[in-house]
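Numbering (my numbering), first residue to last: 19 to 83.
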(Lines of atoms letter the chains of each structure in order from A and count residues from 1; the text may use other names and numbers.)
(Lines give C-alpha, C1' and ligand atoms only; values in the text may rest on other atoms or scores of the structure.)
Protein backbone atom coordinates (compact mmCIF):
# COMPACT_ATOMS: atom_id res chain seq x y z
CA UNK A 1 0.00 0.00 0.00
CA UNK A 2 1.02 3.62 -0.48
CA UNK A 3 1.01 4.65 3.17
CA UNK A 4 3.42 7.44 4.08
CA UNK A 5 5.89 6.55 6.86
CA UNK A 6 4.58 9.40 9.05
CA UNK A 7 0.94 8.27 8.76
CA UNK A 8 -0.48 7.59 12.25
CA UNK A 9 -1.67 4.06 13.01
CA UNK A 10 -5.36 4.90 13.44
CA UNK A 11 -7.23 2.06 11.75
CA UNK A 12 -8.93 1.28 15.08
CA UNK A 13 -10.44 4.79 15.07
CA UNK A 14 -12.03 4.25 11.67
CA UNK A 15 -13.49 0.91 12.76
CA UNK A 16 -14.99 2.41 15.94
CA UNK A 17 -16.53 5.28 13.99
CA UNK A 18 -18.56 2.80 11.92
CA UNK A 19 -20.76 2.18 14.97
CA UNK A 20 -21.31 5.82 15.95
CA UNK A 21 -23.48 8.50 14.32
CA UNK A 22 -21.78 11.51 12.78
CA UNK A 23 -24.75 13.82 13.42
CA UNK A 24 -27.93 13.94 15.47
CA UNK A 25 -31.21 15.88 15.43
CA UNK A 26 -32.44 17.22 18.75
CA UNK A 27 -35.83 18.83 19.24
CA UNK A 28 -35.92 22.14 21.10
CA UNK A 29 -39.21 23.15 22.72
CA UNK A 30 -39.61 26.43 24.60
CA UNK A 31 -35.85 26.95 24.43
CA UNK A 32 -35.01 23.58 26.03
CA UNK A 33 -33.45 20.54 24.40
CA UNK A 34 -35.81 17.58 24.58
CA UNK A 35 -33.55 14.92 26.07
CA UNK A 36 -34.69 11.93 28.10
CA UNK A 37 -33.96 11.58 31.81
CA UNK A 38 -30.76 9.63 31.17
CA UNK A 39 -29.77 11.23 27.88
CA UNK A 40 -26.97 13.73 27.35
CA UNK A 41 -24.78 15.02 24.54
CA UNK A 42 -21.09 14.27 24.39
CA UNK A 43 -18.29 14.51 21.87
CA UNK A 44 -16.04 11.52 21.45
CA UNK A 45 -12.53 11.84 20.03
CA UNK A 46 -11.36 8.60 18.42
CA UNK A 47 -8.44 9.80 16.34
CA UNK A 48 -5.80 11.58 18.44
CA UNK A 49 -6.33 14.89 20.19
CA UNK A 50 -6.20 18.00 18.00
CA UNK A 51 -8.24 21.11 17.33
CA UNK A 52 -11.72 20.35 15.95
CA UNK A 53 -14.61 22.39 14.59
CA UNK A 54 -18.17 21.74 15.72
CA UNK A 55 -21.09 22.85 13.58
CA UNK A 56 -24.58 23.59 14.92
CA UNK A 57 -27.57 24.33 12.69
CA UNK A 58 -30.86 25.54 14.16
CA UNK A 59 -33.97 25.28 12.00
CA UNK A 60 -37.51 26.21 12.87
CA UNK A 61 -40.05 28.96 13.24
CA UNK A 62 -40.07 31.90 15.62
CA UNK A 63 -42.78 31.94 18.27
CA UNK A 64 -45.88 33.90 17.31
CA UNK A 65 -47.01 36.72 19.62
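Glycine is no exception: its CB is placed at the ideal position from the N, C-alpha and C atoms.
Remember, predicted model here, so these are calculated numbers, not experimental data.
Residue i - containing alpha helix (DSSP H), residue span
{"i": "residue 29", "result": "29 to 35"}
For residue j and residue i, the rounded distance between their alpha carbons
{"i": "residue 75", "j": "residue 81", "result": "18 Å"}
{"i": "residue 39", "j": "residue 27", "result": "22 Å"}
{"i": "residue 86", "j": "residue 30", "result": "Because the chain spans 19 through 83 in this model, residue 86 falls outside it and cannot be assessed."}
{"i": "residue 42", "j": "residue 83", "result": "30 Å"}
Own chain, CB closer than 7 Å to residue i, minus 5 neighbours either side, in chain order
{"i": "residue 45", "result": "52"}
{"i": "residue 64", "result": "31, 34, 35"}
Identified DSSP bridge partners for residue i
{"i": "residue 9", "result": "Because residue 9 is not part of the residues shown, which for the chain are 19 to 83, the question remains open."}
{"i": "residue 46", "result": "51"}
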